[in-house]
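See below for the structure under consideration.
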Amino acid sequence: MVHFSRLAGVDIAPDDSAIRLTNGAEIQFMGEQHTLAACNGNAYVSEYAWADKPANMFKVAKGISAHKNCRFTAYTSPSPSDEAYALWSSEKPDNQQRLSAYSALQQGSTILNLPDIEAEFSKEDFNMLFSAIWPQENSEVAK
């Protein structure tokens with residue numbers, strides 16, 4: 016993160032827990048162990064499906080973004096985690112979006128070579144990592 020931020024012209028000390036932007040906004044990177052009782056603002060939870068306790072991450076982030084002028088945003092790639100799938104599938108359908116490698120290509124992306132990628136992964140792993148299909152969805156269809 017420190018290296019990438021320097022490429023963007025922002026210096027971050029390796030021990031900084033917050034980045035203050037020129038407009039006064041502050042970005043904090045928090046792990047699952049933080050309680051964040053005094054924090055509020057927009058909350059963005061990335062790759063929650065790969066966390067040990069995704070429901071806890073949601074609870075903390077929704078607490079941070081509880082003010083009516085704040086936003087809660089979560090995004091992830093599918094994973095084998097049943098807890099994460101339960102969180103994702105409990106959202107209202109109009110709050111869910113899927114972006115697969117195929118839809119990225121349809122929208123003009125030229126950075127993927129899908130035949131090469133498909134050759135490297137099992138069908139199940141490809142579906143999960145590049146087609147935005149949760150493994151649990153196949154189980155639900157079989158029921």
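Heads up: the sequence shown begins at 16 in this note's numbering, then just goes up one per residue.
Virtual Cβ for every residue (Gly too), placed ideally from N, Cα, C.
Computed from a prediction, not measured in an experiment: that's the story for all the values here.
Going along the chain, which residues of its own chain have a beta-carbon closer than 8 Å to the beta-carbon of residue i, five neighbours each way excluded?
i, result
"Ile-132", "Ala-116, Phe-141, Phe-145"
"Leu-129", "Ala-116, Tyr-117, Leu-120, Phe-145"
"Ser-80", "Asn-55, Gly-56, Asn-57, Ala-58, Arg-86, Phe-87"
Name the one or two DSSP bridge partners that residue i has.
i, result
"Phe-90", "Checking the sequence shown, residue 90 turns out to be Tyr, not Phe. Bridge partners of Tyr-90: Ser-61."
"Glu-41", "Arg-35"
Among the residues of its own chain, which have a CB less than 6 Å from the CB of residue i, if the five just before and after it don't count?
i, result
"Leu-127", "Ala-116"
"Arg-35", "Glu-41"
"Lys-77", "Phe-87"
What is the C-beta distance between residue i and residue j, in whole angstroms, given that I count them as a contact (C-beta under 8 Å)?
i, j, result
"Ala-53", "Gln-43", "Not quite, the Cβ-Cβ distance comes to about 11 Å (not below 8 Å), so this is no contact."
"Met-45", "Pro-93", "With a Cβ gap of about 23 Å, Met-45 and Pro-93 do not count as contacting."
"Pro-160", "Pro-69", "Within the shown structure, residues of the chain are numbered from 16 to 158, placing residue 160 beyond reach of any answer."
"Leu-114", "Ala-89", "Contact flag wrong, Cβ pair sits at about 14 Å."
Just checking residue i against the ligand GDP - is the residue's beta carbon closer than 8 Å to any of the ligand's heavy atoms?
i, result
"Asp-97", "Here there are no bound small molecules, and the ligand GDP is not part of this structure."
Keeping to the same chain, check which residues put their C-beta closer than 7 Å to that of residue i; ignore five residues upstream and five downstream.
i, result
"Met-72", "Glu-47, Val-60, Tyr-63, Ala-66"
"Glu-152", "none"
"Lys-74", "none"
Report yes or no: do three or more beta-carbon pairs, one from the segment 58-66 and one from the segment 98-113, lie closer than 8 Å?
yes
Could you check whether the segment 51-58 touches the segment 75-85, counting it as contact only if at least three pairs of C-beta atoms, one from each stretch, sit closer than 8 Å?
yes
List in chain order: all unbroken alpha helix (DSSP H) runs of 4+ residues lying wholly within the segment 71-138.
97-105, 116-121, 129-135
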